[in-house]
Amino acid sequence: EDALHATRAAVEEGVVPGGGVALIRALQTMGEIKGANHDQDVGISIALRAMEEPLRQIVANTGHNEASVVLNAVKGQTGNYGFNAATEEYGDMIEMGILDPTKVARSALQNASSVAGLLITTEAMVAELPKKDEHAGMPPGGMDGMGGMGGMGGMM
Numbered sequence: 264e265d266a267l268h269a270t271r272a273a274v275e276e277g278v279v280p281g282g283g284v285a286l287i288r289a290l291q292t293m294g295e296i297k298g299a300n301h302d303q304d305v306g307i308s309i310a311l312r313a314m315e316e317p318l319r320q321i322v323a324n325t326g327h328n329e330a331s332v333v334l335n336a337v338k339g340q341t342g343n344y345g346f347n348a349a350t351e352e353y354g355d356m357i358e359m360g361i362l363d364p365t366k367v368a369r370s371a372l373q374n375a376s377s378v379a380g381l382l383i384t385t386e387a388m389v390a391e392l393p394k395k396d397e398h399a400g401m402p403p404g405g406m407d408g409m410g411g412m413g414g415m416g417g418m419m
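Numbering-wise, this note's numbering comes out as the position in the sequence shown, counting from 1, plus 263.
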């Protein structure tokens, strides 16, 4: 069902290079945007940094420790050049088949901006404290938490 919706979105508005590359290229075209005051400058800075986050998260998901290295490599190029997380190679994202429907990328940015604007103008927010991870405790003696042997259910 997701593939069907993505295909329809791509037909409606086309595709852009995936893997966060479209957002990186968009922020590169913005140059030195200045707001009318310091608060607007801070907001612009936050928005520009947020546009880097999809690529940073993709890199982090591959297990790389330093997403900034990949980000700078992608920023140092132009066009469709990006990082293929599946192969951990750089290249043309369109040629590698890594695409995002334009409608999806645009909507994500618009919705994130809308929520951020709502949060900024809110006087107070209520949130739940994160729950502490509860450890399962020590594994049974001699079993080191590795589980039993396959196909041997009920033998304990």
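C-beta: ideal position from N, C-alpha, C; glycine also. Only a predicted model underlies this, so the values are computations on that prediction, with no experimental measurement involved.
Rounded to whole angstroms, the separation of the alpha carbons of Ala285 and Ser377 is 20 Å. When secondary structure is reduced to three states using DSSP, Asp304 falls in the helix class.
When rounded, the separation of the alpha-carbon atoms in Ala289 and Lys394 is 37 Å.
CA-to-CA, the gap between Ile321 and Gly282 works out to about 7 Å.
No Cβ-Cβ contact shorter than 9 Å links Lys338 with Ile296. Residues Gly283, Leu286, Ile287, Leu290, Leu334 of the same chain have their beta carbon placed closer than 8 Å to that of Glu315, with the five preceding and five following residues left out of the count.
One alpha carbon belongs to His301, the other to Ile383, and they sit about 15 Å apart.
For Tyr344 and Gln303, the gap between their C-alpha atoms comes out near 31 Å. The continuous stretches of alpha helix (DSSP H) do not include Glu352, which lies in the beta strand (DSSP E) extending over residues 352 to 355. Counting only the Cα atoms, Ala387 lies some 32 Å from Ala323. The straight-line gap separating the alpha-carbon atoms of Ser370 and Ala310 is approximately 15 Å. Here DSSP, grouped into helix, strand and coil, assigns Asp363 to strand.
About 7 Å separates the beta carbon of Val278 from that of Asp363, a gap short enough to meet the 8 Å contact definition.
By the Cβ neighbour-count rule, Leu381 is exposed, with fewer than 16 other Cβ atoms within 10 Å of its own.
Apart from sequence neighbours up to five positions away, the residues of its chain that approach Lys366 with a beta-carbon distance below 6 Å are Ala272, Glu275, Glu276, ordered along the chain. In the three-state reduction of the DSSP assignment, Pro393 falls in the coil class, being assigned neither a helical nor a strand state.
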